[in-house]
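Remarks on the structure that follows.
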Amino acid sequence: MLKILNVVGARPNFMKVAPIVAAMKQRPDDFLPLVLHTGQHYGAAMSNAFFTDLDLPQPDIHLGVGSGSHATQTAAVMERFEPVVLKEKPDWVLVVGDVNSTIACALVCVKLGIKVAHVEAGLRSRDRTMPEEINRLLTDQIADLLLTPSPDADANLLAEGIPQERIRFVGNVMIDSLFKNLERARESKIKTELGLAENQYAVLTLHRPSNVDDRETFERILSALETISTRLPIVFPVHPRTRKTIAEFGLTERIAASKNLRLIDPLGYLDFLNLYSTARIVLTDSGGIQEETTALSIPCLTLRENTERPITVEMGTNVVVGTDTQKIVSEATAALNSKQKQSRQPPLWDGHTAERILAALQEVSRHS
Ligand code: UD1
């Protein structure tokens, strides 16, 4: 029996951990899973809704760290996590993704000699100004087991000198959640509430500090959105970070003047899945949404200069367009005019990644 402490902290963690914990609960003779929430994200919209939507058990332990600077937040997670992990003595701590909670918990464990498994290991944007890239690089250096979503991730890890024995290619666990919930998501009434017809609107998300904390970049993107929105409505569930900067930059009125640019509160997992799964096009700076649109063959424009998920570009759904107004508009126009829908899928994005993660944990535990 393996006791596994599964860490969640921020919104993009919940859909990665939910299928893993569900798979562990189905095998009570082999696994004892605990869920620990650091509290990096909190409240109904950014946290609670996901537990309900994803059937993720309520956290066994909640650290309640909340927001803060990178140093404050990372340090708070570390300080509060250390006594918990000492008390619980898990066989493994499982961390996912690239948020501050990921590196904070991994760092505590490695110093205590507690084994860490990193889900979604090996992704690299090669842009060290992104906080997530630092979190990814450091977590992968210290974790004992690196569970990768795509072959490029394995290649990145090997190139960094990480031995093959620590790496297992298991596929993309976010896609487990997507496939599992697609039917349930169809019941959401979000499109009716917003008065939208299938395939006749765009979905936008924007929250990267490099986009929303920088006034010039934000305005360049906004100009492009104003043009695109003359062609079809753009639905924009607004992340709290972005909501704050819109107000700080005095952009509220300018945005309100674009009637077809429709700002709404952040959505839960099922409503958001319902919304983007029948969108004509998605514009985003999120990592996970690049993958989810690939899995559903939805055209995606990534409003960044780079991506740590090149496989989504290779499969043909995703175009990394940057933040130049003209470039965004011309790529959006090309995507909207195209009739083609791609159907290539990355290997092992098949809805069975959680099972392979459990198998890898067992296999590696037998040999250590
Ligand atoms: C974090 C992750 C990012 C991930 C994103 C998804 C890091 C370094 N960044 O960025 O990788 O893509 O989550 O959402 O870990 N706030 C709230 N309610 C919340 C959370 C945040 O109002 O539940 C506000 C706070 O004012 C906070 C700001 O949003 O200061 C930013 O939150 P923070 O957790 O620092 O970073 P994110 O931008 O959410």
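So the sequence shown is numbered by this note's numbering: it starts at 148 and just counts up by one. Even glycine gets a Cβ: it sits at the ideal position worked out from N, Cα and C.
Give the single residue among the options whose Cα lies nearest to the Cα of residue i.
i: E455; options: P494, N303, I261 and S376; result: N303
i: T449; options: N358, K406, A170 and D177; result: N358
i: S433; options: H354, S335, N247 and L325; result: H354
i: L149; options: P278, A264, G308 and I309; result: A264
i: L414; options: L183, F161 and A196; result: A196
i: Q509; options: K488, L292 and E229; result: L292
i: L397; options: Y189, S272, E366 and L294; result: Looking at the sequence shown, residue 397 is not Leu but Gly. Looking at the Cα atoms, E366 is the closest of the given residues.
i: A300; options: R273, T199, L325 and D323; result: R273
i: Q487; options: T464, D412 and T470; result: T464
i: V429; options: Y189, I445 and C256; result: I445
i: N484; options: P159, I208 and L379; result: L379
i: A218; options: S405, A251 and T399; result: A251
i: T295; options: T500, H514, S515 and A426; result: T500
i: T276; options: A481, E461 and E452; result: E452
i: V182; options: L420, V232, A479 and A192; result: V232
i: L410; options: T389, E439 and A442; result: T389
i: C256; options: P457, E330, I151 and H514; result: I151
i: W239; options: S194, M193, P180 and P230; result: P180
i: S216; options: D207, V155 and P278; result: P278
i: L341; options: N407, E400 and T364; result: N407
i: A165; options: F178, M193 and F198; result: F198
i: A344; options: V382, S370, P310 and A481; result: V382
i: P387; options: D360, H184, Q311 and P493; result: D360
i: A253; options: L495, Q187, E229 and P494; result: E229
i: I458; options: A192, Q437 and T470; result: Q437
i: T431; options: T425, E439 and C447; result: C447
i: S297; options: V511, P493 and R513; result: P493
i: R271; options: L241, I289, E307 and V350; result: E307
i: V266; options: A481, I167, I368 and T470; result: I167
i: H188; options: D207, F178 and N160; result: N160
i: N421; options: L495, K338 and G435; result: K338
i: R427; options: G435, Y416, D412 and L443; result: L443
Assign residue i to buried or exposed, taking buried as 16 or more other Cβ atoms, counted over all protein chains shown, within 10 Å of its Cβ.
i: R362; result: exposed
i: Q173; result: exposed
i: Q220; result: buried
i: S335; result: buried
i: S490; result: exposed
i: K234; result: exposed
i: S324; result: buried
i: D202; result: exposed
i: D176; result: exposed
i: G190; result: exposed
i: N346; result: exposed
i: L305; result: exposed
i: Q205; result: exposed
i: K163; result: buried
i: D287; result: buried
i: A157; result: buried
i: L332; result: Note that residue 332 corresponds to Ala in the displayed sequence, not to Leu. Buried: at least 16 other Cβ atoms inside 10 Å.
i: T392; result: buried
i: T211; result: In the sequence on display, residue 211 carries Gly and not Thr. The residue in question, G211, is exposed, as its Cβ has fewer than 16 Cβ neighbours within 10 Å.
i: D200; result: buried
i: E330; result: exposed
i: Q311; result: exposed
i: S194; result: buried
i: T441; result: buried
i: E513; result: Here residue 513 turns out to be Arg, not Glu, going by the sequence shown. It is exposed - the Cβ of R513 has fewer than 16 other Cβ atoms within 10 Å.
i: T185; result: buried
i: E439; result: buried
i: D418; result: buried
Who does residue i pair with in a DSSP beta bridge?
i: K258; result: The partner list for K258 (beta bridge, DSSP) is empty, contrary to what the question assumes.
i: P180; result: I151
i: R315; result: L294
i: V242; result: H265
i: L408; result: I381
i: H209; result: H184
i: C447; result: V429 and N465
i: L352; result: In the sequence on display, residue 352 carries Thr and not Leu. Paired residues: T431.
Give a yes or no on whether the minimum CB-CB distance between residue i and chain D is below 8 Å.
i: P278; result: Checking the listed chains, one finds no chain D in this structure; it contains a single protein chain.
*Three or more C-beta pairs closer than 8 Å, one from the stretch 370-380 and one from the stretch 472-480: is that the case here?*
Touching, yes.
_Touching by the beta-carbon criterion (3+ pairs, under 8 Å), the stretch 254-264 and the stretch 159-171_ = no
_Three-pair Cβ contact test at 8 Å for the stretch 282-292 versus the stretch 244-257_ = yes
_Three or more C-beta pairs under 8 Å: does that hold for the stretch 491-510 against the stretch 305-324?_
In short, these stretches touch, since the Cβ pair count reaches three.
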